[in-house]
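See below for the structure under consideration.
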Amino acid sequence: MKKQTKLIRTQTQKSQFREHSTPLYLTSSFCFEDAQMGKELFDNTLEGNIYSRFSNPTVQEFVDKVCMLEEAEEGIATATGMAAVFAGFGALLASGDHIVSSKALFGSAHQIITQILPKWGITYTYIDASEPKEAWEAAIFPNTKMIYLETPSNPGLELVDLEMVGDLCKKHNLIFSVDNCFATPLIQTPGQYGADLVIHSATKFFDGQGRVLGGIIVGKKEYIEHVRFFSRQTGPSMSPFNAWVLSKGLETLGLRMDRHCENALKLAQALENIEGIKSVKYPFLPSHPQYNLAKKQMESGGALVTFELEGGFERVIRFTQKLTIPSLTSNLGDSRTTITNPNTTTHAKVAVADKEALGIFEGTMRVSVGLEDIEDLIEDFTQAILNSK
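Note that the numbering used here has the sequence shown beginning at 306, numbered continuously upward.
In structure tokens, the structure reads:
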């Protein structure tokens, strides 16, 4: 069966009530038939549910679906996307280790790598996404343990060559970890390029309607076992209710992403021709500096468009006041178009010099293009830009 069929038909085993829609197992714990069963569950000689901090049937259904999509062996669902990012670091890195990372990262991931991990004696080296293989390899030291990256990046939509980094990780026996949130597994599958771990903020496109928080990390069993131990002890568990919402949301992911990507490309093309915009970033625009790489490793350009307005932050204020359709929020991946100014929101705590190196300026706007009629969106963006001079 193809992925879409598997996605729809992957479901928790039916109970004695023969339900068609998967049930929600909203329980904190699970019972043992006797003391022997409890002993075997806790000493891992018997597989089964004990406590929803460890595992839960509803959560497992969601995990199974994402593992199928990402072609991964196992996975762990977490309360948020950042909990999944942190679990990948905390479970697999130790004092004295070194991590190589793409410089273009979500603000919270940047804070973990630069401010939290160093407290534990874990060092890092940042590399520009577009650097050649030689630069990435030069950043690998004898104590390097992992390469971590986002592609496309947040918010600059910079790309990293997954095949190139996968080859380096294999050559140097490094853990290859990829945040695949912006692309989703329907647009690119990092495991095909050797990724050992793939991370998502399920809050975004997996839900698709801005309802719940969630995260997930999937990958090779040998690494997920360490992440499972870490998560079982530290407790970043996903709520069964959230897992139920996310699992159902995944069933329409393919339909939604087709429309998201179609709308995003048309909006990006329109923005390139509007007076008052300095630049537009979208992976499937020929003007994108890594357009050829995007066409190589992505099925489509994704739902995110980034552009820079002339006139600085004062222009941004006027522009956002003129918009009538998009929601002004830092979240993304919603059925409704959302827009934010990363300089003052998602990357507000990043140093100015670092932001400018990432292409984040006062006038930078990140758009998560939704499912509205694209003609309405283009008309609204056009009038807001022209009327905010």
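Just so it is clear, CB atoms sit at the ideal spot from N, CA and C, and this is done for glycine as well.
For residue i, which three-state DSSP category applies?
i	result
K438	helix
S413	helix
L628	coil
I492	coil
T643	strand
L560	helix
F481	strand
T428	strand
M387	helix
A569	helix
G524	strand
S506	strand
S604	The amino acid occupying residue 604 in the given sequence is Glu; Ser does not appear at that position. The answer is coil: DSSP assigns E604 none of H, G, I, E or B.
F273	In the structure displayed, the chain extends from 306 to 694; residue 273 sits before or after that span and is not available.
E379	strand
V465	coil
State buried or exposed for residue i, treating a residue as buried only when at least 16 other CB atoms are found within 10 Å of its CB.
i	result
G524	buried
F534	exposed
K586	buried
T310	exposed
V657	exposed
N485	buried
K424	exposed
Q318	exposed
E738	Examination of residue 738 is not possible in this model, given that the chain is present from 306 through 694 alone.
What first and last residue would you give for the beta strand (DSSP E) that runs through residue i?
i	result
I452	T449 to E455
F669	Contrary to the premise, residue 669 reads as Thr rather than Phe in this sequence. Where T669 is concerned, the enclosing beta strand (DSSP E) stretches over T669 to S673.
V585	I582 to K586
I404	H403 to S407
What residue range is occupied by the uninterrupted alpha helix (DSSP H) comprising residue i?
i	result
G554	P545 to L555
V657	V657 to A662
A689	I679 to L691
Measure from the C-beta of residue i to each C-beta in chain C and report whether the shortest distance is under 8 Å.
i	result
E455	This model lacks chain C altogether, as it is built from one protein chain only.
Every unbroken alpha helix (DSSP H) inside the stretch 336 to 373 [4 residues or more]:
Taking only runs of at least 4 residues, the alpha helix (DSSP H) segments lying wholly in the stretch 336 to 373 are 340 to 347.
Between the stretch 466 to 481 and the stretch 614 to 627, are three or more C-beta pairs nearer than 8 Å?
no
Any contact of the stretch 626 to 645 with the stretch 574 to 581, i.e. 3+ C-beta pairs under 8 Å?
Contact between the stretch 626 to 645 and the stretch 574 to 581 is absent: fewer than 3 CB-CB pairs across the two stretches fall below 8 Å.
Three CB pairs or more closer than 8 Å across the stretch 502 to 518 and the stretch 638 to 651:
yes
Please determine if the stretch 414 to 421 and the stretch 537 to 546 are in contact, where contact requires at least 3 C-beta pairs separated by less than 8 Å.
No: the two stretches stay apart, fewer than three of their Cβ pairs being nearer than 8 Å.
Across the stretch 349 to 361 and the stretch 406 to 415, are there enough close Cβ pairs to call them in contact, namely three or more that are closer than 8 Å?
no
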